[in-house]
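In the working numbering, the protein residues as written are 5 to 725.
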């Protein structure tokens, strides 16, 4: 790929292109996967159950004629074959026979089956893999049913006892359980997390039963008497948190706080500043000396970073945001795809949460389906160091129950966290520490530098995202924010409604764009040669999106343009006509709602200068020291005007599209796209990810992604080698 200067730009591509039957047939399988699961069920992951005749997900990769995501994409997708028929009953019967004897067949066994059944070796491999997953999920559901029955029996026995306090506790647990079992179609990660939580609740009921049963006796779940030894055994179990003594959990939390405080206060030789990037790097030899005996030798690669900055937020509000899982996820929407509090070990002192300890789960993502997410179970604790200074610390916990599998790629948090110090006027000084130990993963060439640098989940990323979110909150609540508005609608309620709608759009794209385990991605090839990942889901009753099947497509490319120049190009309203394939004419900016000090952090309303258009464009743009995003959607004028007048934005139905822009991680280099001497040195190239969501045809997805990328490259004068 090269950047050239040319006065003759290729003409802009729009969406009126000929159809591609082969592509439509391939992508139709993505929709069919959802249809096969039933009209009342949302789209599940590949590893969820379907029926007994064929494991769920067995039509995912091999039937669509595409390679699995863990293959090296640098080799390309190769020649495509038409979608094959489902396995015959004879083929399934023969594979079932082998499965009973050997659930994990070796290469020779798979090759023999391939020859006997007339199937490709990869089809055999996928069938066995999905069959194992089907059985695993089935066993887990059976385990949940057994725990539910045990819980119900324990509740009935406790209700017969004379302790009203215990009955109240049992009733509260029953409510949470009933809501869990009536929820529809949880994915596997949610399933195993609920199993662990349910086990803990059962142990709590056993303890309560033991405490309030008649003296000298205890009751089992069937109501039969047991000896004192069994009662003491249950009591000991209640003192454990997922295999660890509660006292041990508290000790781990205490040591994590001590280490985070020490690492935050230390300078050289523990931390060394890089001359190339200016970032602080951990001197690991010095680290092992200072914390000798605290940690084992690392089993994987170490990522460690530290970043300090000022955040516009109240001290106690920020501490609360870290300890409340909902607020924590809202503060880092581009990083956290899933999060939950599994167990509160200690509530701390009153409303301040000083000394609170809790076990949490999080799935962290990069805004591209190419890079696998990180799943981590960890202890989080907070402590007040002084009236103006707090520490929040995280550390991975290794033993979280037999029913929880390890992450697809080994990953754990060594003591990490942040020091929060109140300064004045509603500001806080924050020091963020991130310390990871991870196995190397197979990466596409264009992502290797930024991933290996540790920037993706490094302290700089967390700090920049925190600052952006807190600044958004300040601007959202402010009453004196200037607005550029030519529509005559400038009410405070209208501005808040517009900001909420834009925030919802951006969150939707964040969830759709990442490689979360909630998605099942299928690879296809665009008309321009880029790899497109496609996933589908079903919306049954959410009024904020169109009902029915929704197709999401994401593609990532490298461009030899600095992230700053690329972001400025995409938010420039006068140049939108150059890349937006949905436009029938140029646009006019009607209103700009600032949501940060950087002029790029704003929500923009644009009108399309065309007699045929009855829609406006709402665009949410964001930029910080790490990443930039541009999210947009077309909404009919009447609906948009109602939002700007202050009406509830949750009634607006939309499917947003957008871009994520990341630095490629390479050092600065000369650029020839600008003749300005000051702009000839850039911060490197960009990793551009485009995402679209639609309820239209599969052909539309390919056209949209292909022509949008083609238009961007043409406007920026980028040519493929």
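Each residue gets a CB set at the ideal place from its N, CA and C atoms; glycine is no exception.
**OP:** Please classify residue 651: does DSSP put it in a helix, a strand, or coil?
**Re:** Within the chain shown, the letter at position 647 stands for residue 651. Of the three classes helix, strand and coil, the one that applies to residue 651 here is coil, per DSSP.
**Q.** Simplified DSSP assignment, three categories, for residue 441
**A.** Working through the chain shown from its first residue, we reach residue 441 at position 437. Secondary structure at residue 441: strand, using DSSP grouped into helix, strand and coil.
**Asked** Is residue 548 helix, strand or coil by DSSP?
**Response** Here residue 548 corresponds to residue number 544 of the chain shown, with the count starting at 1. In this structure, residue 548 counts as coil in the three-state DSSP scheme.
Let's see if you can read the secondary structure: which residues bound the beta strand (DSSP E) around residue 574?
Here residue 574 corresponds to residue number 570 of the chain shown, with the count starting at 1. Here residue 574 belongs to no beta strand (DSSP E); instead the alpha helix (DSSP H) covers 567–575.
Q.
For a test of the three-state rule: what should DSSP assign to residue 708, helix, strand or coil?
A. Here residue 708 refers to the residue found at position 704 when the chain shown is read from its first residue. In this structure, residue 708 counts as helix in the three-state DSSP scheme.
key: Sufficient close CB pairs (3 or more, under 8 Å) joining the region 437–447 to the region 605–616   = no
- Is the distance from the Cβ of residue 309 to the Cβ of residue 425 below 8 Å? Counting from 1 along the chain shown, the entry for residue 309 is found at position 305. Counting from 1 along the chain shown, the entry for residue 425 is found at position 421. Not a contact, by the Cβ cut-off of 8 Å.
- Message: My output table needs one value for residue 584: the three-state DSSP class, helix, strand or coil.
- Response: Along the chain shown, one-based indexing puts residue 584 at 580. The answer is coil: DSSP assigns residue 584 none of H, G, I, E or B.
Taking its Cβ as the centre, do 16 or more other Cβ atoms sit within 10 Å of residue 696, making it buried, or is it exposed? Here the question's residue 696 lines up with position 692 in the chain shown. So residue 696 ends up on the buried side.
For residue 467, count neighbouring Cβ atoms within 10 angstroms of its own Cβ and tell me buried if that reaches 16, exposed if not.
Your numbering for residue 467 matches position 463 in the chain shown. The residue in question, residue 467, is buried, as its Cβ has 16 or more Cβ neighbours within 10 Å.
(Q) In the DSSP assignment, the beta strand (DSSP E) including residue 120 goes from what residue to what residue? (A) Counted from its first residue, the chain shown places residue 120 at position 116. Not the beta strand (DSSP E): residue 120 falls in the alpha helix (DSSP H), residues 111–121.
Could you check the C-alpha separation between residue 287 and residue 570 for me, to the nearest Å? Along the chain shown, one-based indexing puts residue 287 at 283. Along the chain shown, one-based indexing puts residue 570 at 566. Their backbone Cα atoms lie some 35 Å apart in a straight line.
| Rounded straight-line distance, which links the Cα of residue 712 to that of residue 722 | Taking the chain shown and counting its residues from 1, one reaches residue 722 at position 718. Taking the chain shown and counting its residues from 1, one reaches residue 712 at position 708. Each residue's alpha carbon lies about 13 Å from the other.
>> Let me check one thing: in DSSP terms, what residues is residue 397 bridge-paired to?
In response: Translated into the one-based positions of the chain shown, residue 397 becomes position 393. Its beta-bridge partners are 385, 421.
Is it true that the CB of residue 622 sits closer than 8 Å to the CB of residue 612? Counting from 1 along the chain shown, the entry for residue 612 is found at position 608. Counting from 1 along the chain shown, the entry for residue 622 is found at position 618. Their beta carbons are not under 8 Å apart, which means residue 612 does not touch residue 622 by this criterion.
Would residue 380 and residue 366 be called neighbours here (beta carbons separated by less than 8 Å)?
Position 376 of the chain shown holds residue 380. Position 362 of the chain shown holds residue 366. Cβ atoms of residue 380 and residue 366: closer than 8 Å.
* Asked: How many Å lie between residue 427 and residue 387 at the Cα?
  -> What you label residue 427 is simply residue 423 of the chain shown in a count that begins at 1. What you label residue 387 is simply residue 383 of the chain shown in a count that begins at 1. Answer to the nearest angstrom: the Cα atoms are 18 Å apart.
- Message: Looking only at its chain, what residues have a beta carbon closer than 8 Å to the beta carbon of residue 705, apart from the 5 residues adjacent to it on each side?
- Response: Taking the chain shown and counting its residues from 1, the one referred to as residue 705 is at position 701. Excluding sequence neighbours, residue 705 sits near 31, 536, 538, 555, 557, 696, 698.
Ignoring anything shorter than 4 residues, give me the alpha helix (DSSP H) runs that lie fully in the region 294–330, in order along the chain. 319–327
| query | So residue 580 and residue 719 are in contact, right, with Cβ under 8 Å, and what is the actual spacing, rounded? | reply | On the chain shown, residue 580 is found 576 positions in, with the first residue counted as 1. On the chain shown, residue 719 is found 715 positions in, with the first residue counted as 1. Incorrect: roughly 10 Å between the Cβ atoms, too far for contact.
field: CA nearest to the CA of residue 651, picked from 593, 496, 590
entry: The sequence position of residue 651 within the chain shown is 647, counting from 1. Minimum Cα distance to residue 651 is reached at 496.
Item to complete: Compare the beta carbon distance of residue 692 and residue 561 with 8 Å and say whether it is the shorter of the two.
Response: Residue mapping note: residue 692 aligns to position 688 of the chain shown, counting from 1. Residue mapping note: residue 561 aligns to position 557 of the chain shown, counting from 1. A contact, by the Cβ cut-off of 8 Å.
query = Nearest CA to the CA of residue 633: which residue from 661, 364, 642, 640?
reply = Along the chain shown, read from residue 1 onward, the residue named residue 633 stands at position 629. Comparing Cα-Cα distances from residue 633 to each of 661, 364, 642, 640, the minimum goes to 661.
Original post:
What is the rounded straight-line gap between the Cα of residue 666 and the Cα of residue 460?
Top reply: Locating residue 666 in the chain shown gives position 662, counting from the first residue. Locating residue 460 in the chain shown gives position 456, counting from the first residue. Roughly 9 Å separates the two Cα atoms.
Reduced DSSP category for residue 662 - H, G, I as helix; E, B as strand; rest coil: Residue numbering aside, residue 662 sits at position 658 when the chain shown is read from its first letter. DSSP places residue 662 in strand when its eight states are reduced to three.
Indicate whether residue 303 and residue 441 have their beta-carbon atoms separated by less than 8 Å.
-> Locating residue 303 in the chain shown gives position 299, counting from the first residue. Locating residue 441 in the chain shown gives position 437, counting from the first residue. Cβ atoms of residue 303 and residue 441: closer than 8 Å.
Discussion item. Counting C-beta neighbours from all protein chains within 10 Å, is the total for residue 642 16 or more, i.e. buried, or is it exposed?
Written reply: On the chain shown, residue 642 is found 638 positions in, with the first residue counted as 1. So residue 642 ends up on the exposed side.
Give the single residue among 345, 343, 359 whose Cα lies nearest to the Cα of residue 261. The residue you call residue 261 lines up with position 257 of the chain shown. Checking every option, the nearest Cα to that of residue 261 belongs to 359.
TODO: Locate the alpha helix (DSSP H) running through residue 516, then write down its first and last residues.
DONE: Taking the chain shown and counting its residues from 1, the one referred to as residue 516 is at position 512. Residues 496–517.
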